[in-house]
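Respectively, the protein sequence lines represent chains A and B.
In terms of my numbering, the first sequence is residues 25 to 258.
In terms of my numbering, the second sequence is residues 25 to 258.
Where a beta carbon is used, it is the ideal one built from N, C-alpha and C, also for glycine.
Protein chains: 2
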Amino acid sequence: MKPKCVVLLSGGLDSSTLLAYLLAEGYDCLPIGFRYGQRHTKELTYAAAIAQHYNVPFKVIDLTALKDILPSAQTNDAIEIPEGHYADSNMKLTVTPNRNMIMLSIATAYAITSKASRVAYAAHKGDYAIYPDCRTAFIRPMREALEYCDYERLHLLTPFICDSKADIVLRGINLRVPYKFTWSCYNGREKACGKCGTCVERLEAFSKNSIEDPLAYEDREYWKTVIAQRKGNE
Amino acid sequence: MKPKCVVLLSGGLDSSTLLAYLLAEGYDCLPIGFRYGQRHTKELTYAAAIAQHYNVPFKVIDLTALKDILPSAQTNDAIEIPEGHYADSNMKLTVTPNRNMIMLSIATAYAITSKASRVAYAAHKGDYAIYPDCRTAFIRPMREALEYCDYERLHLLTPFICDSKADIVLRGINLRVPYKFTWSCYNGREKACGKCGTCVERLEAFSKNSIEDPLAYEDREYWKTVIAQRKGNE
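This is the structure we're talking about:
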């Protein structure tokens with residue numbers, strides 16, 4: 025019997041690639057997503073499409089009751105989504121407090137209830153700069169907490185922890201991940217904006233692999249200016 | 025300025041004593057409670073009364089959306105609350121999967137949002153036997169995860185970790201905790217049942233301190249039979 029693994033699936037590039045990767049590794053995957061008042065709830069529609077593509081059941085948990093204790097530009101329409109590079113300090117506006125611990129703890133409860141022995145999330149090297157709860161200093165104790173939170177040990181998998189965004193795109197291309205079904209943009213408009221931190225990072229990652237991102241963008245060139253400016257500042 | 029501390033407050037004996045203890049220690053306390061489909065939601069009314077008694081704001085978070093992934097005798101009316109001693113193996117029916125990690129992670133988000141540097145919960149020695157997420161093996165890595173989940177360090181306080189239930193009652197008596205405003209029983213009826221694991225444990229703890237529990241019980245004597253039986257089995 026295949027080992028069961030609960031996978032945090034946001035509908036973004038990283039977690040969708042993670043799902044594809046774990047399926048290829050032979051796991052029986054149970055993706056889980058969260059509605060927490062993010063303005064880009066559109067990503068959950070994409071997550072559902074990815075789950076359907078891979079024929080796995082997608083569980084969505086409604087955490088909108090937490091909206092007032094999880095303020096950030098991701099959840100508050102009154103705060104403008106900052107434009108520019110992902111690692112810039114103004115991107116801290118997009119950090120939702122303790123988001124990953126909350127999601128992992130609920131995913132772990134779902135794992136216990138579903139008799140899954142693994143929980144996975146797509147923390148990666150590119151996230152360190154801005155998200156404290158993607159750092160190895162956070163992941164290591166969380167891994168241990170998962171081992172002892174129940175009668176049976178649970179394992180936290182973070183296979184992309186040493187990868188850059190470009191590395192993840194390369195993995196995904198090899199795994200034939202249908203990236204047209206993934207959504208990264210923090211603005212939940214018709215097309216991806218191309219200007220928020222996550223759009224800039226995504227377009228750069230595809231470019232590094234000399235591959236065209238299949239998603240439609242409002243501005244497909246802006247990211248080049250941002251990267252050039254950062255190089256100029258270094 | 026007093027340091028701010030978010031306190032998990034269920035309305036039970038342990039967490040109410042913890043709140044009194046932390047206030048006496050000089051913390052500016054922000055108690056937080058959770059509605060997660062427990063049949064003893066009555067405890068939240070008691071938690072609100074305790075918070076009012078101490079004149080601190082009480083925050084209630086609605087997690088009923090998680091009900092289907094948090095099954096236990098605490099949340100499912102179809103499962104009978106087991107009677108007997110707290111440490112008996114049938115008490116595992118009352119374990120809600122990963123409850124403490126979920127509550128601590130949300131309490132931590134609330135701490136970050138409220139600029140509190142501490143999060144406290146009333147894990148104690150009596151809980152080890154049955155609740156995996158009250159063991160030091162779980163608390164130690166959680167403490168470390170809290171230190172690294174945000175830009176600033178957060179501290180997890182568990183001052184009752186070496187206490188028995190009777191020790192906590194003794195602390196509470198000295199702190200003049202109004203125990204009539206606390207609710208422990210897993211059955212949410214008019215009076216506390218006196219037969220569920222937590223009623224038995226509570227009545228025993230008061231008895232060990234030669235003090236009468238001010239709460240009204242359906243059966244105030246049953247616990248003695250349970251304790252005598254356990255002694256007979258040892």
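request  = Grab me the residues of B:C217's own chain with a C-beta within less than 6 Å of its C-beta, minus the 5 sequence neighbours each way, in chain order.
outcome  = Here the question's residue 217 of chain B lines up with position 193 in the second sequence. Correct list, in chain order: C209, N211, C223 and E242.
ask   = Which stretch, first to last residue, makes up the beta strand (DSSP E) that contains A:V31?
value = As a working mapping, residue 31 of chain A is identified with position 7 in the first sequence. Per DSSP, A:V31 belongs to the beta strand (DSSP E) from K28 to L32.
ask   = Looking at the C-beta of A:T65, does it have a partner C-beta in chain B at a distance below 8 Å?
value = Residue 65 of chain A sits at position 41 when you count from the first residue of the first sequence. With 8 Å as the cut-off, A:T65 does not count as an interface residue toward chain B.
query = DSSP state of B:D86, grouped into three classes?
reply = Your numbering for residue 86 of chain B matches position 62 in the second sequence. If DSSP states are grouped into helix, strand and coil, B:D86 belongs with the strands.
query = Is it true that the stretch 172-186 of chain A meets the stretch 135-151 of chain A, where meeting means three or more beta-carbon pairs spaced less than 8 Å apart?
reply = yes
ask   = Any idea if A:Q253 is buried or exposed, counting beta-carbon neighbours within 10 angstroms, 16 or more meaning buried?
value = Here residue 253 of chain A refers to the residue found at position 229 of the first sequence. It is exposed - the Cβ of A:Q253 has fewer than 16 other Cβ atoms within 10 Å.
inquiry  = Can you look up B:P55 in the DSSP assignment and give me helix, strand or coil?
reply    = Counted from its first residue, the second sequence places residue 55 of chain B at position 31. DSSP places B:P55 in strand when its eight states are reduced to three.
query = How many whole angstroms separate the CB atoms of A:A161 and B:Y172, which I take to be in contact at a CB cut-off of 8 Å?
reply = In the first sequence, the residue the question calls residue 161 of chain A occupies position 137. In the second sequence, the residue the question calls residue 172 of chain B occupies position 148. That belief holds up - the Cβ atoms of A:A161 and B:Y172 are roughly 4 Å apart, short of 8 Å.
ask   = To the nearest angstrom, how far is it from the Cα of A:I185 to the Cα of B:E107?
value = Here the question's residue 185 of chain A lines up with position 161 in the first sequence. Here the question's residue 107 of chain B lines up with position 83 in the second sequence. Roughly 47 Å separates the two Cα atoms.
request  = Verify whether the separation of the beta carbon atoms of A:I56 and A:Y134 is less than 8 Å.
outcome  = Taking the first residue of the first sequence as 1, we reach residue 56 of chain A at position 32. Taking the first residue of the first sequence as 1, we reach residue 134 of chain A at position 110. For A:I56 and A:Y134, yes; Cβs fall inside 8 Å.
key: Backbone secondary structure at A:C223 - three-state DSSP   = The sequence position of residue 223 of chain A within the first sequence is 199, counting from 1. DSSP places A:C223 in helix when its eight states are reduced to three.
query = Can you tell which of B:I85, B:K91, B:R164 and B:R195 has its C-alpha closest to the C-alpha of A:I85?
reply = On the first sequence, position 61 is the one that residue 85 of chain A refers to. It is B:K91.
inquiry  = As an exercise, report each continuous alpha helix (DSSP H) stretch of at least 4 residues that is fully enclosed by the stretch 170-203 of chain A, in chain order.
reply    = 189-198
query = Along chain B, which residues have their Cβ under 8 Å away from the Cβ of A:L94?
reply = As a first step, residue 94 of chain A must be located in the first sequence, where it is residue number 70. In chain order: A133 and T137.
ask   = For B:R213, which three-state DSSP category applies?
value = The sequence position of residue 213 of chain B within the second sequence is 189, counting from 1. Correct three-state label for B:R213: coil.
key: Nearest residue (CA-CA) to A:I74, options A:A190, A:G50 and A:V201   = The residue you call residue 74 of chain A lines up with position 50 of the first sequence. Comparing Cα-Cα distances from A:I74 to each of A:A190, A:G50 and A:V201, the minimum goes to A:V201.
query = Leaving out the 5 sequence neighbours to the left and right, which residues in its chain are closer than 6 Å to B:S188 when beta-carbon positions are compared?
reply = The residue you call residue 188 of chain B lines up with position 164 of the second sequence. For B:S188, where only same-chain residues beyond five positions count, the Cβ hits under 6 Å are K149 and G150.
ask   = Are there 16 or more other CB atoms within 10 angstroms of the CB of B:T182, so buried, or fewer, so exposed?
value = Taking the second sequence and counting its residues from 1, the one referred to as residue 182 of chain B is at position 158. By the 10 Å Cβ count, B:T182 comes out buried.
request  = Mind listing the chain B neighbours of A:I126? Cutoff is C-beta to C-beta under 9 Å, in chain order.
outcome  = Indexing the first sequence from 1 puts residue 126 of chain A at position 102. Within 9 Å Cβ-Cβ: I126, S129, I130, T132 and A133.
request  = Give the interface partners of B:R159 over in chain A, defined as CB-CB distance under 8 Å, in chain order.
outcome  = Residue numbering aside, residue 159 of chain B sits at position 135 when the second sequence is read from its first letter. Here the neighbours are Y172.
inquiry  = Taking beta-carbon pairs under 7 Å, can you tell me which members of the stretch 32-59 of chain A lie near chain B?
reply    = none
query = Can you tell me the Cα-Cα spacing of B:S231 and B:L42, whole angstroms?
reply = Position 207 of the second sequence, counted from the first residue, corresponds to residue 231 of chain B. Position 18 of the second sequence, counted from the first residue, corresponds to residue 42 of chain B. So the alpha carbons of these two residues sit roughly 20 Å apart.
request  = Quick one: give me the first and last residue of the alpha helix (DSSP H) that A:V250 is part of.
outcome  = Working through the first sequence from its first residue, we reach residue 250 of chain A at position 226. Note, A:V250: alpha helix (DSSP H), Y246 to N257.
task = Check distances from the C-beta atoms of the stretch 168-192 of chain A to those of chain B and list, in chain order, the residues that come in under 7 Å.
result = E168, A169, Y172, C173, D174 and Y175
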